[in-house]
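Engineer:
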Amino acid sequence: QKEVEQDPGPLSVPEGAIVSLNCTYSNSAFQYFMWYRQYSRKGPELLMYTYSSGNKEDGRFTAQVDKSSKYISLFIRDSQPSDSATYLCAMDDLGGGSNYKLTFGKGTLLTVNP
Amino acid sequence: DVKVTQSSRYLVKRTGEKVFLECVQDMDHENMFWYRQDPGLGLRLIYFSYDVKMKEKGDIPEGYSVSREKKERFSLILESASTNQTSMYLCASSLGGATDTQYFGPGTRLTVL
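So the protein lines, in turn, are chains A and B. Those letters in the first sequence? Residues 78 to 191, per the numbering used here, in order. Those letters in the second sequence? Residues 27 to 139, per the numbering used here, in order.
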């Protein structure tokens, strides 16, 4: 079983739709959860991070963590064509032996159609 | 703004050649990382460095080496390039702590013929 599973998509939605992106993980030591966004021909950039179970909101984006189910989600409200990108989840056990190594999902390719 | 630059956007090399990929960051970050990104396999860590002249193997170090002689510069070396090293190579840097954001460069698309 891979440590982090992420549906690669592709996911295609109309403008204005609510988008749900998800990752599941197997390592219960993960404590720090991130979402990176990667536009075509660019490097990933950090979008959001959270430490604990629950929700964290930033504008149209909401990150949700359910540690009991080992499941994290990123919701995008009122999606825009500019949100078209690959979204990667990433996780860290914060020093439980990983030496700053993040564990990434494979990424989900999202296209928002005007 | 943090800036991570990589020496080339596109590179074409022949099998058996020695290849150098250079990465420079301008924010005095302690940590630097080299990843490769392949369709269906995602981002995989090759090597990282947490200080000058210090390095640790990532998940797929075979066929690669690294050099960090100065804090701002981290080089990835392919001693004898092979076709299975055709990939997108991404460099990243972070300040120093486990939760510090990793900032990525734009990537180098390497093709080995």
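By construction, the Cβ of each residue, glycine as well, lies at the ideal position given by its N, Cα and C atoms.
Can you give me the C-alpha to C-alpha distance between A:Asp155 and A:Tyr126, rounded to a whole angstrom?
Structural biologist: Cα-Cα distance, rounded: 21 Å.
Engineer: Would you verify that the beta carbon of A:Thr185 is, or is not, closer than 8 Å to some beta carbon of chain B?
Structural biologist: So, not an interface residue.
Engineer: What three-state label does DSSP hand B:Asp54 in the structure shown?
Structural biologist: B:Asp54 falls in the coil class under three-state DSSP.
Engineer: Does any residue of chain B have a CB that is nearer than 8 Å to the CB of A:Gly120?
Structural biologist: Yes - at least one Cβ of chain B is within 8 Å of the one on A:Gly120.
Engineer: Can you name, in chain order, every residue of its own chain whose Cβ lies under 6 Å from the Cβ of B:Leu139, other than the five neighbours on each side?
Structural biologist: Within the same chain, B:Leu139 has close Cβ partners Arg40.
Engineer: Grouping DSSP H, G and I as helix and E and B as strand, with all else coil, what is A:Ser159?
Structural biologist: Correct three-state label for A:Ser159: helix.
Engineer: Going along chain A in order, which residues have a C-beta closer than 7 Å to the C-beta of B:Thr127?
Structural biologist: Leu123, listed in chain order.
Engineer: Consult DSSP for B:Gln111 and reduce its assignment to one of helix, strand or coil.
Structural biologist: Helix.
Engineer: Could you tell me the distance, in whole angstroms, from the CA atom of A:Asp143 to the CA atom of A:Ser130?
Structural biologist: C-alpha separation (whole angstroms): 5 Å.
Engineer: Using a Cβ-Cβ cut-off of 8 Å, state whether A:Phe107 counts as contacting chain B.
Structural biologist: By this cut-off, A:Phe107 is not an interface position.
Engineer: To which residues of the same chain is A:Lys183 closer than 6 Å at the C-beta, ignoring the five residues directly before and after it?
Structural biologist: If we look at A:Lys183 and ignore the five residues flanking it on each side, its Cβ neighbours are Gln83 and Pro85.
Engineer: For B:Gly89, which option in B:Val38, B:Lys44 and B:Thr137 has the closest C-alpha, if you only look at C-alpha atoms?
Structural biologist: Considering only alpha carbons, the answer is B:Lys44.
Engineer: A:Lys133 versus chain B: which residues are under 9 Å apart at the beta carbon?
Structural biologist: Correct list: empty, because the minimum Cβ distance to chain B is about 14 Å.
Engineer: Identify which residue in A:Asp169, A:Pro158, A:Leu171 and A:Phe110 has its Cα closest to the Cα of A:Leu88.
Structural biologist: Selected option, being the one with the closest Cα: A:Pro158.
Engineer: Closest to A:Glu80 by CA distance: which of A:Gly93, A:Ser105 and A:Val90 is it?
Structural biologist: Of the candidates A:Gly93, A:Ser105 and A:Val90, the one whose C-alpha sits nearest the C-alpha of A:Glu80 is A:Ser105.
Engineer: Since A:Phe181 meets chain B, which of its residues come closer than 7 Å, beta carbon to beta carbon?
Structural biologist: Those are Gly68 and Leu69, listed as they occur along chain B.
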